[in-house]
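Read the structure below first, then the notes.
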Ligand SMILES: Cc1ncc(COP(=O)(O)O)c(C=O)c1O
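Chains as they are written, first to last, in this note's numbering: chain A, 1016 to 1273; chain B, 618 to 1010.
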């Protein structure tokens, strides 16, 4: 069974998903970041494939991507790194990137490589659901590779139902209309949105992302969904890191217990 | 038949590859744009402004001395004579009226050469809406007069400091702004690029160019079809406008002129149809310049308006299907052609447009053939660049 499904079968609340950009801060940090995150009890790990033009991301993630590309990160190398680290961990791994990267790599080859390397799911924010349904769905499902679609406070109910039907793994609930890393804190308006979605009784688990940065926002998100996703705040911690193991230890602790 | 399909594709190019955060805005536009454009009161408002404010129809001028030099019949479609000095305003007039119909109260735009930024600042002043223009930090330096014009009309010019600091990055920043402001804001894209329905909507607003060409040519030559139409292509909006009513007239050659920069093989170029491959840029599946790993390449051209790593999906389709011919022109040839036109006809073209004129040195036409060059803009904004080369031409 896919490791993401397995996780949600065993655990339905307080799920912590942490994002980092592959190749950052150093080209070969991938394994060490993954293993340390797992050691600290992180449930899911999202690996960013650095991209030149990340439309949905704010400056923090964009800058880490630019640095990673400069360090020499690319998809073939990333797959090598993941294949290697997979020998040492069973933590679910998700690749996040933009559809152009998949197109250039070759969709079929990409899916096969994900499966071989031990990737459990992908997030491709600019792949529209209707394109996916026509051109991609069959291949993903046959390979048992999960895909998460996004919903926002502006997403219509009909569309949310569609996303619920197509998503395998978890729905990525964007907490606020924004790019990554811009807004912090959770407003009453956002809580209303979380409640509205909760009442829809979706079949797919939900993780809330964007603007989750500390124990307070993580706990709030966990009240209304199965867990939350942290990206920019973790990258900011890595920016200042002198020792990855120490940084990751204290970062995860701060998120979990404050 | 060249036509966009329901899902926004020209052949295999187009579509809307956008993050969910943009979906409600783009979807609203997709559902409403055709209906709004077909509304007679919209049509009248648009036409009246084009006539009384922009100064349309723009003349179609027979360039006698240029024709004699090249031994063919050359007509110039004078988009440079529009208010604000380029074709860009045809689109911004249309889109500002669209934004008002959609109830939007805040306008954003990207700009390369500054012509689209100026045209957007202009229409925002015209209707009294706040305007924010994203412009690459490098372009802010090389197109300084246009920055001042935008500011004078009340627009805020925000530098894009990411990536290559040019048009591609300004577009990224504008899209991010739209994501962060999903309810009150309309994004006025400046070319036939971006997610569906933008390429089609912008082409329709610019199609007034070829609509006028038809009756003007009929009047002047007795035939509404020329033998060839030449236009420069950055994203491709002036070319789309000049081709639009001729797309399904196979006897009319469509010639798309791209910027070769320092030369196709120099590593400093923006000739997308030669150096590009299929991929996704700014929400559209089209041709773009990228690495094997799918990273978008930073293009180069002396002209800020052509310094873009993609082309609109219409042009990708026209070129891939053989309907249009693409040719690439270097910085040097564009400069020379700009000086030549200035001295031969007393018209200083924009550097972008200079590329279109340089094509005449590479494509030979017969004496009786009628060639229309879309004179997309005037060169005032490029004087500083031209002056640097004063001694050589
Ligand atoms: C005068 C002029 N021509 C052409 C262009 C290129 O744009 P497009 O290819 O959309 O016509 C620009 C862009 O700024 C311009 O200012």
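Backbone N, C-alpha and C define an ideal beta-carbon position, used for all residues, glycine too. Small disclaimer: the values here were computed from a predicted structure and weren't measured.
Using a Cβ-based criterion (distance less than 7 Å to any ligand heavy atom), does residue 712 of chain B qualify as near ligand 1?
Taking the first residue of the second chain as position 1, residue 712 of chain B is located at position 95. Answer for residue 712 of chain B: no, Cβ out of range of ligand 1.
Span of the beta strand (DSSP E) holding residue 983 of chain B?
If you number the second chain from 1, residue 983 of chain B lands on position 366. That residue, residue 983 of chain B, is in no beta strand (DSSP E); it is neither H nor E in DSSP.
Proximity test, Cβ basis, 8 Å: residue 637 of chain B and chain A:
As a working mapping, residue 637 of chain B is identified with position 20 in the second chain. Closer than 8 Å to some Cβ of chain A, the Cβ of residue 637 of chain B qualifies, so yes.
Local Cβ density within 10 Å of residue 795 of chain B, reported as buried at 16 or more and exposed below that:
The residue labelled residue 795 of chain B in the question sits at position 178 within the second chain. By the 10 Å Cβ count, residue 795 of chain B comes out buried.
Are residue 1186 of chain A and residue 1211 of chain A closer than 8 Å when you measure CB to CB?
The residue labelled residue 1186 of chain A in the question sits at position 171 within the first chain. The residue labelled residue 1211 of chain A in the question sits at position 196 within the first chain. Cβ distance not < 8 Å, so residue 1186 of chain A and residue 1211 of chain A don't count as in contact.
Alpha carbon to alpha carbon, what distance is there between residue 1243 of chain A and residue 992 of chain A?
Here chain A has residues from 1016 to 1273 only, and residue 992 of chain A is not among them.
Candidates B:998, B:948, B:931: closest to residue 628 of chain B by CA position:
Walking along the second chain from the start, residue 628 of chain B turns up at place 11. Nearest of B:998, B:948, B:931 to residue 628 of chain B, Cα basis: B:931.
Under 8 Å by Cβ, that's how I've got residue 989 of chain B and residue 694 of chain B pegged, so tell me the actual separation to the nearest angstrom.
If you number the second chain from 1, residue 989 of chain B lands on position 372. If you number the second chain from 1, residue 694 of chain B lands on position 77. About 6 Å separates the two Cβ atoms, so the contact holds.
Quick one: what does DSSP say residue 973 of chain A is sitting in, helix, strand or coil?
The displayed coordinates of chain A run from 1016 to 1273. Any statement about residue 973 of chain A would go beyond what the structure contains.
Should residue 1025 of chain A go down as buried or exposed, given a rule of 16 or more other Cβ atoms within 10 Å for buried?
Mapped onto the first chain, residue 1025 of chain A falls at position 10. Looking at its Cβ environment, which holds fewer than 16 other Cβ atoms inside 10 Å, residue 1025 of chain A is exposed.
List the whole-angstrom C-beta distance separating residue 845 of chain B from residue 869 of chain B, where the pair is believed to meet the contact cut-off of C-beta under 8 Å.
As a working note, residue 845 of chain B is residue 228 in the second chain. As a working note, residue 869 of chain B is residue 252 in the second chain. Going by Cβ atoms, the distance from residue 845 of chain B to residue 869 of chain B rounds to 7 Å, so yes, they are a contact pair.
In the structure shown, what three-state DSSP assignment does residue 806 of chain B receive?
Numbered from its first residue, the second chain carries residue 806 of chain B at position 189. Here residue 806 of chain B sits in coil by DSSP.
Does the beta carbon of residue 1207 of chain A sit closer than 8 Å to a beta carbon anywhere in chain B?
For this step, residue 1207 of chain A is matched to residue 192 along the first chain. Judged by the 8 Å Cβ criterion, residue 1207 of chain A is not in contact with chain B.
Is it true that the CB of residue 733 of chain B sits closer than 8 Å to the CB of residue 811 of chain B?
One-based indexing of the second chain puts residue 811 of chain B at position 194. One-based indexing of the second chain puts residue 733 of chain B at position 116. Contact: no.
Which residues, in order along the segment 1239-1270 of chain A, keep a beta-carbon less than 8 Å from a beta-carbon of chain C?
Checking the listed chains, one finds no chain C in this structure; the protein chains it contains are A and B.
Would you say residue 1201 of chain A lies against chain B (beta-carbon separation less than 8 Å)?
By one-based count along the first chain, residue 1201 of chain A stands at place 186. False, the Cβ-Cβ gap to chain B never drops below 8 Å.
What whole-angstrom Cβ distance do residue 1042 of chain A and residue 1087 of chain A have, given they're in contact under 8 Å?
As a first step, residue 1042 of chain A must be located in the first chain, where it is residue number 27. As a first step, residue 1087 of chain A must be located in the first chain, where it is residue number 72. Confirmed, Cβ separation roughly 5 Å.
Specify the secondary structure class of residue 770 of chain B as computed by DSSP and reduced to three states.
Taking the second chain and counting its residues from 1, the one referred to as residue 770 of chain B is at position 153. It is coil, neither helix nor strand.
Rounded C-alpha distance that separates residue 1225 of chain A from residue 1138 of chain A:
As a position in the first chain, residue 1225 of chain A is number 210, starting the count at 1. As a position in the first chain, residue 1138 of chain A is number 123, starting the count at 1. Approximately 14 Å between the Cα atoms of the pair.
For residue 947 of chain B, report the span of its beta strand (DSSP E) as first-last.
Here residue 947 of chain B corresponds to residue number 330 of the second chain, with the count starting at 1. Start and end: 941-947.
For residue 989 of chain B, write down the residues that DSSP places opposite it in a beta bridge.
In the second chain, the residue the question calls residue 989 of chain B occupies position 372. DSSP output for residue 989 of chain B lists B:692, B:846 as bridge partner(s).
With hydrogens ignored, establish whether the beta-carbon of residue 923 of chain B is closer than 7 Å to any heavy atom of ligand 1.
On the second chain, position 306 is the one that residue 923 of chain B refers to. For ligand 1, at least one heavy atom lies less than 7 Å from the Cβ of residue 923 of chain B.
For my contact list, residue 861 of chain B and residue 827 of chain B are in at a C-beta cut-off of 8 Å; report their separation, rounded to the angstrom.
Counting from 1 along the second chain, the entry for residue 861 of chain B is found at position 244. Counting from 1 along the second chain, the entry for residue 827 of chain B is found at position 210. Going by Cβ atoms, the distance from residue 861 of chain B to residue 827 of chain B rounds to 5 Å, so yes, they are a contact pair.
At a Cβ threshold of 8 Å, is residue 1228 of chain A touching chain B?
Here the question's residue 1228 of chain A lines up with position 213 in the first chain. No, because no Cβ of chain B sits closer than 8 Å to the Cβ of residue 1228 of chain A.
Locate the beta strand (DSSP E) running through residue 1032 of chain A, then write down its first and last residues.
Counting from 1 along the first chain, the entry for residue 1032 of chain A is found at position 17. Residue 1032 of chain A -> beta strand (DSSP E) spans 1030-1036.
For the segment 1125-1146 of chain A, enumerate the residues whose C-beta is nearer than 9 Å to any C-beta of chain B, in chain order.
1140, 1141, 1142, 1143, 1144, 1145, 1146
Chain B beta carbons: is any one of them nearer than 8 Å to that of residue 1120 of chain A?
Within the first chain, numbered from 1, the residue matching residue 1120 of chain A stands at position 105. True, the Cβ-Cβ gap to chain B drops below 8 Å.
Please say whether residue 721 of chain B and residue 838 of chain B have beta carbons closer to each other than 8 Å?
Working through the second chain from its first residue, we reach residue 838 of chain B at position 221. Working through the second chain from its first residue, we reach residue 721 of chain B at position 104. No; because the gap between Cβ atoms is not below 8 Å, this pair is not in contact.
Residue 1247 of chain A versus residue 1072 of chain A: straight-line alpha-carbon distance, rounded
For the purposes of this step, residue 1247 of chain A is identified with residue 232 of the first chain, where counting begins at 1. For the purposes of this step, residue 1072 of chain A is identified with residue 57 of the first chain, where counting begins at 1. Roughly 9 Å between the two C-alpha positions.
Alpha helix (DSSP H) segment containing residue 871 of chain B, residue limits:
Taking the second chain and counting its residues from 1, the one referred to as residue 871 of chain B is at position 254. Segment 870-878 is the beta strand (DSSP E) holding residue 871 of chain B; no alpha helix (DSSP H) there.
Determine which residues share a DSSP beta bridge with residue 1009 of chain B and list them.
Taking the first residue of the second chain as 1, we reach residue 1009 of chain B at position 392. Beta-bridge pairing links residue 1009 of chain B to no other residue.
Nearest residue (CA-CA) to residue 1103 of chain A, options A:1270, A:1257, A:1202, A:1048:
As a first step, residue 1103 of chain A is located in the first chain; it is residue number 88 there, counting from the start. Comparing Cα-Cα distances from residue 1103 of chain A to each of A:1270, A:1257, A:1202, A:1048, the minimum goes to A:1048.
Provide the residue(s) that pair with residue 751 of chain B in DSSP beta bridges, ordered along the chain.
Locating residue 751 of chain B in the second chain gives position 134, where the first residue counts as 1. Looking at the DSSP assignment, residue 751 of chain B forms a beta bridge with B:727, B:775.
Give, in chain order, every unbroken run of the beta strand (DSSP E) that is at least 3 residues long and sits entirely within the segment 1070-1119 of chain A.
1108-1111
Of all the CB atoms in chain A, is at least one closer than 8 Å to the CB of residue 754 of chain B?
On the second chain, residue 754 of chain B is found 137 positions in, with the first residue counted as 1. With 8 Å as the cut-off, residue 754 of chain B does not count as an interface residue toward chain A.
Short of 7 Å in beta carbon distance, which residues of its chain neighbour residue 782 of chain B, apart from the five on each side in sequence? Order them along the chain.
Against the second chain, residue 782 of chain B aligns to sequence position 165. Excluding positions up to five away in sequence, the list reads 753, 754, 755.
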